[in-house]
Amino acid sequence: MRKSPIIRAVGGAAITFGLVIAAAPFASADSGSETTAGSVGQLGAMQRDLGLSATEATALLDQEEQARTLEGELRETLGGDFGGAVFDIESGELTVSVTDEDAVDEVREAGAEAEVVTYGEQRLDAIVDDLNATEDTADESVTGWYVDTADDSVVVTVMEGEEAAAEKLIATADVEGTAVRVEETTEQPETFADIIGGNAYYPGSSRCSIGFAVQGGFVTAGHCGSTGTRTSSPSGTVAGSWFPGRDMGWVRTGSGDTPRPWVNNYRGGYVTVAGSQEAGIGSSVCRSGSTTGWHCGTIQSKNQTVRYSQGSVYGLTRTSACAEPGDSGGSWVTGNQAQGVTSGGSGNCTWGGTTYFQPVNPILSQYGLRLVTG
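Residue numbering for the sequence shown follows this note's numbering, starting at 3 and increasing by one per position.
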């Protein structure tokens, strides 16, 4: 099969997975140095966490931008035949799933690989919705579920040795059993809020990380504070919060704080946010947070349901990232495009782990906010 023209520069690169955490600075005066999406800090983190050379990291950002555009175009033109898309940073291929064999030629002519699938993302998303609707019946050993686009299936994760609990949930939801598989895990996800001091914003007595600047304030994770919670550094008030169910919130700040279109790269500079075009599955992603700084990884799946001890959260994005307490709410970017804010996960940045983020566009839509861009 021919390679997509999107990616030839990075084909064959050895990749290892991690994640980059970036907190959008929000200050009353300019400070530090502003850089573009391919900043020294971002490229350095991609080299460290993804095993790339500087040339490969720069090429990857350009290729992923083209892949996002192509995926969006095919999603629109294919309509109901579009079954999902996965970007492979090792081979450099964008693979688009279709539910109708007649659509294969259109995908290939556009410059992507094509794969005919049985279910596709619409049917798989509907299965996730059915599982969400019966979530109250699930045993606590069931940790979550998500759409695995590459495998054309829904995965239900459960603590090791408790497969029967997952099978019971699947039966209760009365979903297509052939489209669902069970995966055992030893990791229990948790949110990343923390009650310690440090350089971040403080909702009440907790510490979290700023996500992205918006007109009038900034977006962050909903679990960092309920509506009406006062914040400091910067000073403000949580104007909207949704958790559990979703993990989104935003803080309204005073006139003395100026929102900037930047993400802190923790190396003396910023990445300038240009928009919020959603990156595809398989794409690299970097994040910033007040505990662990910059780390990078890849987007593994979307529409993930995570069962935290405080309640379930739906519609998250799963990554191969690390994060730790205090990183909650921090920003995630692919290139110069805002992706989301840190929700929670498992593991740490010493041994690695899995981290989930709340996509940013639903936050902007929910609260009628406008992202500050540069």
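Even glycine gets a Cβ: it sits at the ideal position worked out from N, Cα and C.
query	result
Buried or exposed (CB count within 10 angstroms, at least 16 for buried), D329	buried
Contact set for V374: own chain, Cβ-Cβ below 8 Å, skip 5 residues either direction	F214, A215, V216, Q217, P261, R262, P263, V275
Status (buried if at least 16 other CB within 10 Å, exposed otherwise) for R309	buried
Residue interval of the alpha helix (DSSP H) (run including R372)	Element bounds for R372: n/a, residue is neither H nor E.
Identity of the residues DSSP links to F84 by a beta bridge	V100
Nearest-angstrom Cα separation, counted from R232 out to E383	Coverage of the chain is limited to positions 3 through 376, which leaves residue 383 absent and any answer about it impossible.
Three CB pairs or more closer than 8 Å across the region 166 to 183 and the region 339 to 359	no
Identity of the residues DSSP links to T300 by a beta bridge	S286
C-beta atoms of V265 and S314 nearer than 7 Å	no
Residue burial classification, W353 (beta-carbon count within 10 angstroms, cutoff 16)	exposed
Where Q368 sits in the DSSP three-state scheme	helix
Host beta strand (DSSP E) of L318 (start-end)	313 to 321
As assigned by DSSP and simplified to three states, the class of T79	helix
Sequence-distant residues of the same chain with beta carbon closer than 6 Å to P205, five excluded per side	C226, G227, T231, T233
Cβ-Cβ distance between T151 and V109 below 7 Å	no
G386, DSSP secondary structure in three states	The displayed coordinates of the chain run from 3 to 376. Any statement about residue 386 would go beyond what the structure contains.
Residue from V240, V177, P236 with nearest C-alpha to L126	V177
Bridge partners - R254, DSSP secondary structure assignment	G219, T239
Delimiting residues of the alpha helix (DSSP H) encompassing D131	122 to 135
Touching by the beta-carbon criterion (3+ pairs, under 8 Å), the region 159 to 167 and the region 289 to 297	no
Spatial distance of V42 from E66 (CA atoms)	18 Å
A114 and V106 closer than 7 Å at C-beta	no
Three-state class that DSSP yields for G247 in the structure shown	strand
Secondary structure of E111, DSSP reduced to three states	helix
Residue from A69, V98, D259, W252 whose Cα sits closest to the Cα of G81	V98
Limits of the unbroken alpha helix (DSSP H) element including Q190	Where Q190 is concerned, there is no enclosing alpha helix (DSSP H), given that its DSSP letter is neither H nor E.
Same chain, Cβ closer than 6 Å to T255, neighbours up to 5 away in sequence not counted	G219, P236, G238
Through-space distance from D249 to A135, alpha-carbon basis	18 Å
Supposed contact pair V273 and Q341 - C-beta distance, whole angstroms, cut 8 Å	That belief does not hold up - the Cβ atoms of Q341 and V273 are roughly 12 Å apart, past 8 Å.
Identity of the residues DSSP links to T352 by a beta bridge	Beta-bridge pairing links T352 to no other residue.
CB of A168 within 7 Å of CB of V158, strictly	yes
Cβ separation of L96 and E123, assumed to be a contact under 8 Å, to the nearest whole Å	Not confirmed; about 15 Å, so no contact.
Within-7 Å CB hit, G347 to chain E	Absence of chain E from the displayed structure is noted, only one protein chain being present.
Local conformation of A116 per DSSP, three classes	strand
Spatially closest choice to G282 from I91, T187, A61, by CA coordinates	I91
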